[in-house]
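Q: I have a structure I would like to understand better, so I am pasting it below and will then ask my questions one at a time.
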Amino acid sequence: MAQILKYVIGKDYRPLTVLEAKGGNTFTPDYDKSNWVQARQYEDSLRQVFVEITNEDGSAYDLTGANVLFEGILPDNEHKILDNSHAVFYEDPTTGKFRFDMPAQSFSVAGQYKQAFFRVMKDYRNIATLEFKFEVLADMVVTGLVPRDYISPLDDLFNTIKETETKNVAELKKIVDDKVAEITNLMTTLNQTNTATLSELNSAKTALGTLEDKIKQDGIFTQGEAEEFKKSILIKMVTADSLEELLYGYKITIVHNQKDYPKPTVFYYENAIGTEIGGLGAGSFGETLTKLVPCEAEYTDNNSIVVRI
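Positions 22 to 330 (our numbering) are the ones given, in order, by the sequence shown.
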């Protein structure tokens with residue numbers, strides 16, 4: 022539970038030790054019975070100490086601009102605490118009140134503190150040391166927190182360094198991972214390029230091998246021979262016009278002015294006069310000598326017709 026400590030600036034004090042007084046004063050400080058703190062080992066920030074400071078006239082001591090530190094010597098009389106990170110001004114500083122959340126390290130050793138106090142600093146001056154009795158009850162169930170000096174500014178610095186180091190390690194790892202990925206992608210691209218190049222080289226090698234075989238078999242001809250071969254092919258090729266002439270050897274255009282599209286029929290008469298095979302007059306006459314000739318009609322308009330036979 023939370024505990025409340027009350028102090029009067031200019032009045033509360035701790036008697037001198039024997040060596041300081043040179044007169045036999047007790048080693049035990051004369052604490053105000055209300056100013057004591059008791060906690061269990063390994064508690065962490067759950068033990069809250071509330072402090073109220075007043076002047077001798079009863080008015081609240083103004084803590085505006087003040088820093089509060091907790092300092093102490095652990096019960097083992099070896100390790101020390103110096104903490105300036107856990108003071109909380111939960112009300113207006115002019116009320117003279119603050120709360121201090123004790124760190125876990127302050128409960129690492131069971132027993133009574135050799136000395137424990139809050140130091141109030143203002144404008145780089147030590148305004149007051151508010152001493153109190155601090156007892157740590159043993160925890161027989163949970164153990165494991167190793168006693169050590171606890172200096173919160175150094176711990177804060179170490180934590181900052183650790184966070185920075187962790188951040189730097191993460192950033193360095195990212196840089197390394199990115200570079201590894203970049204190199205891996207580059208190697209993959211190079212391998213793909215090499216594979217494609219090798220395939221092209223193999224194709225070229227095969228083509229050269231085929232050409233070499235033709236040369237060895239005298240099956241290759243020169244550029245001049247190729248030109249002559251080309252010419253012979255062109256001569257044998259049939260163009261569109263020559264094809265039409267091949268299919269239809271003759272054509273005649275007839276202008277009939279009938280404004281119509283008549284269908285033509287072409288006949289020819291064998292052994293016509295002057296065309297007899299055996300000479301003039303050698304042929305016979307009659308319809309049996311009339312032959313139908315296949316033809317093709319093309320209408321340029323409705324007054325003329327082109328007949329191809």
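Heads up, the beta-carbon is just placed ideally off N, CA and C, and yes, glycines get one too.
#1: The ligand GDP and TRP57: does any heavy atom of the ligand fall closer than 7 Å to the residue's C-beta?
#2: Measure the Cβ-Cβ separation of GLY358 and ALA149 and say whether it is below 8 Å.
#3: Which residue wins for smallest C-alpha separation from ILE25, given the options GLY31, GLU73 and GLN62?
#4: Taking only three categories from DSSP, how would you classify THR216?
#5: Exposed or buried, what is PHE250 when buried is set at 16 or more other beta-carbons lying within 10 Å of its beta-carbon?
#6: Exposed or buried, which one is GLN334 when buried takes at least 16 other CB atoms within 10 Å?
#7: Helix, strand or coil for MET142 per DSSP?
#8: When you compare the CB positions of TYR134 and PHE155, do they come within less than 8 Å of one another, or not?
#9: Residue range of the beta strand (DSSP E) that ALA125 falls in?
#10: Leaving out the 5 sequence neighbours to the left and right, which residues in its chain are closer than 7 Å to ALA159 when beta-carbon positions are compared?
#11: Grouping DSSP H, G and I as helix and E and B as strand, with all else coil, what is GLY31?
#12: Please report the residue range of the beta strand (DSSP E) in which GLU317 lies.
#13: Quick check on this structure: which residue in ASP322, GLU152 and TYR271 has the alpha carbon closest to the alpha carbon of VAL287?
#14: Mind checking which residues open and close the beta strand (DSSP E) that includes SER325?
#15: Can you tell me whether VAL190 is buried or exposed, with buried defined as 16 or more other CB within 10 angstroms of its CB?
#16: How long is the line joining the alpha carbons of CYS316 and VAL327, rounded to whole angstroms?
#17: Taking only three categories from DSSP, how would you classify GLU233?
#18: Excluding the 5 residues flanking GLU192 on each side, which residues of the same chain have their C-beta closer than 8 Å to its C-beta?
#19: Taking the beta carbon of LYS312 as the centre, do at least 16 other beta carbons fall within 10 Å, making it buried, or is it exposed?
#20: Assuming THR75 and PRO114 make a contact with CB atoms under 8 Å, what is their CB distance in whole Å?
#21: Check for me: the beta strand (DSSP E) holding LYS154 runs from which residue to which?
#22: Per DSSP, which residues does GLY132 bridge with? Please list them.
#23: Going by C-alpha to C-alpha distance, which of LYS183, GLN59 and ASP83 sits closest to VAL29?
#24: Mapping the DSSP letters down to three states, classify THR286 as helix, strand or coil.
#25: Looking at the secondary structure, which residues open and close the beta strand (DSSP E) in which ASP104 lies?
#26: Which residue marks the beginning of the beta strand (DSSP E) containing ILE94, and which one marks its end?
A: Inspection of the coordinates gives the following:
#1: Among the components of this structure there are no ligands whatsoever, and the ligand GDP is therefore not found.
#2: The chain is shown only over 22 to 330; residue 358 falls outside these bounds and no answer can be derived.
#3: GLU73
#4: helix
#5: exposed
#6: No answer is possible for residue 334: the residues shown for the chain start at 22 and end at 330.
#7: strand
#8: yes
#9: That residue, ALA125, is in no beta strand (DSSP E); it is neither H nor E in DSSP.
#10: GLN62 and ALA131
#11: coil
#12: 317-322
#13: TYR271
#14: 325-329
#15: exposed
#16: 10 Å
#17: helix
#18: none
#19: exposed
#20: Not a contact, Cβ separation roughly 14 Å.
#21: 154-158
#22: VAL157
#23: ASP83
#24: coil
#25: 101-104
#26: 87-94
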